[in-house]
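Residue numbers (the numbering used here), protein chains in the order written: chain S, 1 to 328; chain A, 329 to 758.
Written out as structure tokens, the structure is:
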């Protein structure tokens, strides 16, 4: 295995899938000549040419629609949004076209497209550019929502997303692009819909995804010094949710904290909590707690921004609460 | 000056002793070396003698209580002397007063604040006081037969959580929900077993405790041993064939349910348990529950594993009733439509893999039950029969026993009765 960055792992997945299948093409703002706002598409224009690496105008609704149409006639577009904040303009194409086409055509027309780009907050990009939208898309029947936390998962899941015959919303972590990790060489595919235990433990389950996986792991490390052995479960796919992984872990630990970057109301964690209390009520020894971003537009002020984000200290506090321990 | 009498280590391995009987009563004059009480240790019943002279002022524990070594059991001093700030007992006490049991502990409900009633003044009845417990704590309590009413919760607002049950189990004996607390046994005898009701709880004697502790250390939480016997099934075969033949052409729905070998085995097990109640029991950590009712769990394979629906009062049911009920339970088990009360509460289990051509196997005990019978296939074999080798239909039965409850001979006697019944199925109607 070689150590590569999250950004290069995504680049490998794109390159390998474009080599493997001539119907795969990449389209979006600055993906070609500029090689991507986050350099995910580095080298692809040179290798595959302007027919398969297509620079677009700043027209999210337009190129998302072109992507849906291309997918309907048999191509496999990968549509890059510079960030998911800009994809708000394209939501109609995702929700009303991509997600519903197979259903409304009675199964005759599918949309094998991937919509990808960074989500969540970075540092001091302020309220309009610091948002986690996974719960919006996960709400829609017909869309899959995938959110890798590590380079290996980023590569393996992007390959699965491109090969999937249905529209996949692929949300990358803006702060994860530079993170490094081991990535298996050659054909490395991670199936959609499988969570992953990033750290085994028996005292409490911390459910997380994307950037909050590292938050949960840091909290778990700190808790271990205090004698608490936390299990960190990375959802990897938000929809379809790997309910059996969640339930098995909670049945083992009897306590659960769900961490996410987004806002609390109707968030991903709310769905996880609902599933747990319905399926393994009798395993619970404490109410399930959630750690989320604060229920406000993201502040620009550095200290306020820090205070608004889910962090290890908040996770530790919630874990102590579900374990009925004093917070130290 | 008063002297405390403590539970002494009367054997090298003794950690606690059961005070069987007080030999000196409160108010009695005692001399050094007098026998104060009889104490059952992990090995034998021994004497606890006075190490100081004077008047026995107080029994700190009652007969029947189990006391850890070094804990005080009585106080010796001068008549009228105060015992830990209490009014002393002595010459002035009324005869018979010493026999008065201490007042019952206050109901534990007092410890919890009353539940706030919702929408007060709405004319609605006040909500009954509710025990707050986590779902896991409730499940554990139900499994162990613990009464949550007596447990102090350490969670927010007194919520009982799983760890409180660990503390409670260590501190106090389990009580069955709704059952009256067990009165202190009369001196010198174990608690009188209740003769009516669905079961009888028997406190663990010291030897049973030692057996349980030692064997659990040896081979895991349920120290299991296995007994195997082989049964001649010729007569059961004939009996079943005759029963099934008699059903040919019969119209009523119940007549269309063919009696299976498993039905006959369940019925036989139930009747054999009636004769061997020692095998019809639950291990309850600090006591053994001997069931007067006989509820046979039958293992049913389902898509994702197995489940054990229960034939209740199987000893009182006819083969026809057992056949009808087991068919219904098994089919609903496979559809996952059993209600919880239909697959819990068994007192003994039967698991049959004979239909899958298994000769014999060992089944895993379904706690808190103390025994499970593993039934193999009925196979034709050459065996010695009445002085000659004959081909007979034979079946192997293996019983897994929880050694904390069932000893080797106890299990063997049960199996012998069962074997006798199957070899002479007329016993089923005896």
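We put the beta carbon where it would ideally sit given N, CA and C, even for glycine.
Just so we're clear, the structure is a prediction, and the values are computed from it rather than from any experiment.
For residue 324 of chain S, the chain A residues whose C-beta falls within less than 9 Å of its own C-beta are 482, 483, 484, 487, 489 and 491, listed in chain order. When 8 Å is used as the limit between beta carbons, residue 286 of chain S is near these residues of chain A: 462, 483 and 489, in chain order. Close partners of residue 209 of chain S in chain A (Cβ separation under 7 Å) are lacking, with about 26 Å as the shortest Cβ gap. Think of a sphere of 7 Å around the beta carbon of residue 467 of chain A: the chain S residues whose beta carbon falls inside it are 282, in chain order. Taken through DSSP and simplified to helix, strand or coil, residue 225 of chain S comes out as helix. Residue 557 of chain A is not a Cβ neighbour of residue 370 of chain A, given a cutoff of 8 Å. 8 Å or more divides the Cβ of residue 258 of chain S from the Cβ of residue 215 of chain S.
Between residue 291 of chain S and residue 306 of chain S, the C-beta spacing is not below 8 Å. Taking C-alpha positions only, residue 272 of chain S is separated from residue 287 of chain S by approximately 13 Å.
Around residue 402 of chain A, the same chain offers 333, 364, 384, 386, 387 and 388 as residues with beta carbons nearer than 7 Å, after the five sequence neighbours per side are excluded. When beta bridges are read from the DSSP output, residue 488 of chain A appears opposite A:461.
Using a 10 angstroms sphere on the CB of residue 2 of chain S, the tally of other CB atoms stays under 16, which defines it as exposed.
The C-alpha of residue 568 of chain A lies about 11 Å from the C-alpha of residue 575 of chain A.
For residue 254 of chain S, the C-beta contacts it makes with chain A under 7 Å involve 464 and 490, in order along the chain. Sequence-distant Cβ neighbours of residue 56 of chain S in its own chain, meaning closer than 7 Å and more than five residues away, are 27, 28, 29 and 63.
When DSSP states are grouped into helix, strand and coil, residue 615 of chain A belongs to the strand group. About 14 Å separates the beta carbon of residue 118 of chain S from that of residue 9 of chain S, a gap too long to meet the 8 Å contact definition.
Counted as a single uninterrupted DSSP element, the beta strand (DSSP E) harbouring residue 238 of chain S occupies residues 237 to 239. When the Cα atoms are used, residue 599 of chain A and residue 756 of chain A turn out to be separated by approximately 7 Å. Closest in C-alpha terms to residue 32 of chain S, from the list S:19, S:47 and S:23, comes S:47. Listed in chain order, the alpha helix (DSSP H) runs fully inside the stretch 614 to 701 of chain A are 647 to 662, counting runs of at least 4 residues. Under the three-pair Cβ rule at 8 Å, the stretch 163 to 183 of chain S counts as touching the stretch 105 to 112 of chain S. Residue 115 of chain S is bridged by DSSP to S:79 and S:169. When DSSP assignments are scanned along the stretch 126 to 154 of chain S, the uninterrupted stretches of alpha helix (DSSP H) that are 4 or more residues long and fall wholly within it turn out to be 134 to 138. Collapsing the DSSP output to three states places residue 180 of chain S in a strand. By the Cβ criterion, the stretch 94 to 104 of chain S is not in contact with the stretch 217 to 234 of chain S, since fewer than three pairs of Cβ atoms, one from each stretch, lie closer than 8 Å. Between residue 636 of chain A and residue 629 of chain A, the C-beta gap is not smaller than 8 Å, which leaves the two residues out of contact. In the structure shown, residue 300 of chain S falls within a coil segment according to DSSP collapsed to helix, strand and coil.
DSSP links residue 730 of chain A through a beta bridge to A:552.
Judged by DSSP secondary structure, residue 276 of chain S falls within the alpha helix (DSSP H) whose first and last residues are 268 to 279.
Residue 538 of chain A sits in a helix when the DSSP states are folded into three classes.
By the criterion of a C-beta distance shorter than 6 Å, residue 747 of chain A is surrounded in its chain by 557 and 559, once the five residues flanking it on both sides are discounted. Counting C-beta atoms within 10 angstroms of its own C-beta, residue 638 of chain A has 16 or more neighbours from the protein chains shown and is therefore classed as buried.
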